[in-house]
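Remarks on the structure that follows.
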Ligand code: 5GP
Ligand code: ZN
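In the working numbering, the protein residues as written are 1 to 137.
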């Protein structure tokens, strides 16, 4: 349990939450500041901060639960779609430093995440970046 981690406290039952799903390793609960009705968070009970710091077996457990919870959120919120979002690092919008996956129900035309600042690589740049990333694997 990480000190002063709100999600560790929620996982330990020290802070109340509206639980949606729970097993030995995983907890899903309603987000307290929903982007839309039914906005749910899925967390490992153990404290990890980012995806790449979390053991693959724990991520596998999260992923094995995600479809079931997403299906329930989707059905219960009468949504047209949903986003699964995982912010890693402050620069990416991560405010709570305990790994979590958002399930955000979406309605057609709701305007959430309407900015998607896609760009284009200049000639040769994509190959260069791909090689740089492969070298780090
Ligand atoms: P992040 O920006 O770190 O990806 O998202 C953190 C999320 O946790 C936010 O959507 C925020 O509303 C939610 N959150 C923060 N504190 C609490 C809390 O005490 N209880 C619950 N249920 N959600 C929380
Ligand atoms: Zn934690």
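Ideal Cβ positions, reconstructed from N, Cα and C, are used throughout, including at glycine.
Hey, would you say residue i sits closer than 8 Å to residue j, going by beta carbons?
i: residue 98; j: residue 42; result: no
i: residue 1; j: residue 47; result: yes
i: residue 132; j: residue 88; result: no
i: residue 73; j: residue 105; result: yes
i: residue 15; j: residue 30; result: no
Hey, quick one: how far does the beta strand (DSSP E) through residue i stretch, first residue to last?
i: residue 104; result: 101–106
May I have the straight-line CA-CA distance separating residue i from residue j, to the nearest angstrom?
i: residue 70; j: residue 64; result: 11 Å
i: residue 4; j: residue 12; result: 12 Å
i: residue 55; j: residue 86; result: 16 Å
i: residue 121; j: residue 9; result: 44 Å
Between which two residues does the alpha helix (DSSP H) carrying residue i extend?
i: residue 131; result: 125–135
Taking any heavy atom of the ligand ZN as the mark, which residues have a C-beta closer than 6 Å to it, listed down the chain? 2, 5, 7, 8, 47, 98
Could I get the ranges of all uninterrupted beta strand (DSSP E) runs contained in the region 64–97, with 3 residues as the minimum, in chain order? 81–85
Complete runs of the beta strand (DSSP E) confined to the region 11–49 [at least 3 residues]: 19–22, 26–30, 40–44
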